[in-house]
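Peer 1: Residue numbering for the sequence shown follows the working numbering, beginning at 61 and increasing consecutively. Note that CB positions come from ideal geometry on N, CA and C, so glycine has one too.
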Amino acid sequence: MDHRAGTPQVRDNDPAERLPSPVIHLITWPSLALGVVALACPTDTATAIGLKSRIGSRVIRIAGWRELVVLGAFLLRPTRRSLWAFVAQDLCDITAATIALSTRSDVILSPRRLRAALTGYGLLAVADLYTAVRHGRVAPV
Numbered sequence: 061m062d063h064r065a066g067t068p069q070v071r072d073n074d075p076a077e078r079l080p081s082p083v084i085h086l087i088t089w090p091s092l093a094l095g096v097v098a099l100a101c102p103t104d105t106a107t108a109i110g111l112k113s114r115i116g117s118r119v120i121r122i123a124g125w126r127e128l129v130v131l132g133a134f135l136l137r138p139t140r141r142s143l144w145a146f147v148a149q150d151l152c153d154i155t156a157a158t159i160a161l162s163t164r165s166d167v168i169l170s171p172r173r174l175r176a177a178l179t180g181y182g183l184l185a186v187a188d189l190y191t192a193v194r195h196g197r198v199a200p201v
């Protein structure tokens, strides 16, 4: 225990910190798909989720890059603690969609589609949160 900070020290190369392969696959494939689709066709993706194409494609492109950067960082060091990065980015998506719905009618093409996308973000967040809570605990060393 690190008495200065009052928290247990955990090393990333500790076997207790490693994730099982099925968990890694479960969390990485959806992120890869979302990131690639967002970068490959941002305008179509923006329109599909109810955003106007001009500003929506920029937002989608940024979200796609963020998705792939978080995924890359996770794959470089797939630890239990790093699962929480996926939860954090889900919260970013939910927050952005909620703000757009409540205050930014100039960027919305279809409120119904954006609400459906928000539901999808919520479901992904629940799945990522469940995974992080279930597998994100690290035993103190």
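1) Which residue spans inside the segment 110 to 184 form an unbroken beta strand (DSSP E) run of at least 3?
2) In angstroms with no decimal places, state the Cα-to-Cα distance between THR155 and SER81.
3) Roughly how many angstroms lie between the CA atoms of ASP104 and ALA93, to the nearest whole one?
4) One question on the structure: do ALA157 and LEU174 come within less than 8 Å of each other, judged by their Cβ atoms?
5) Give me the Cβ distance between THR139 and LEU178, rounded to the nearest whole Å; I'm assuming they're in contact under 8 Å.
6) Alpha carbon to alpha carbon, how far is PRO102 from ILE159?
7) If you follow the alpha helix (DSSP H) that LEU79 is part of, which residue opens it and which one closes it?
8) Which residues in the same chain as SER113 place their Cβ atom closer than 6 Å to its Cβ, once the five residues preceding and following it in sequence are excluded?
9) Applying the 10 Å Cβ sphere with the 16-neighbour rule, what's the burial state of SER142?
10) Does the Cβ-Cβ distance between ILE120 and ALA98 come in under 8 Å?
11) At the level of alpha carbons, what is the spacing between LEU128 and TYR181?
12) Please classify ASP153 as buried or exposed, where buried requires at least 16 neighbouring CB atoms within 10 angstroms.
13) Would GLY95 and GLY116 qualify as a contact pair, given that the criterion is a beta-carbon distance under 8 Å?
14) What would DSSP say about GLY196, mapped onto helix, strand or coil?
15) Could you give the distance in angstroms between the alpha-carbon of LEU169 and the alpha-carbon of ALA145?
Peer 2: If we stick to the structure as given:
1) Qualifying beta strand (DSSP E) stretches: none in this window.
2) The alpha-carbon atoms of THR155 and SER81 are separated by roughly 31 Å.
3) Computed Cα separation, rounded: 15 Å.
4) The Cβ atoms of ALA157 and LEU174 sit closer than 8 Å to each other.
5) Contact between THR139 and LEU178 is ruled out by a C-beta separation of about 30 Å, above the 8 Å threshold.
6) Between PRO102 and ILE159, the alpha-carbon positions lie close to 20 Å from each other.
7) The continuous stretches of alpha helix (DSSP H) do not include LEU79, and DSSP gives it neither H nor E.
8) The beta carbon of SER113 is closer than 6 Å to those of THR103, ALA106 and THR107 in its chain, skipping five residues each way along the sequence.
9) Buried is the call here.
10) With respect to ALA98, ILE120 sits close: the two C-beta atoms are nearer than 8 Å.
11) When rounded, the distance between both Cα atoms is 16 Å.
12) It is buried - the Cβ of ASP153 has at least 16 other Cβ atoms within 10 Å.
13) No, the pair does not count as a contact, with Cβ atoms beyond the cut-off.
14) The three-state secondary structure of GLY196, taken from DSSP, is coil.
15) Answer to the nearest angstrom: the Cα atoms are 30 Å apart.
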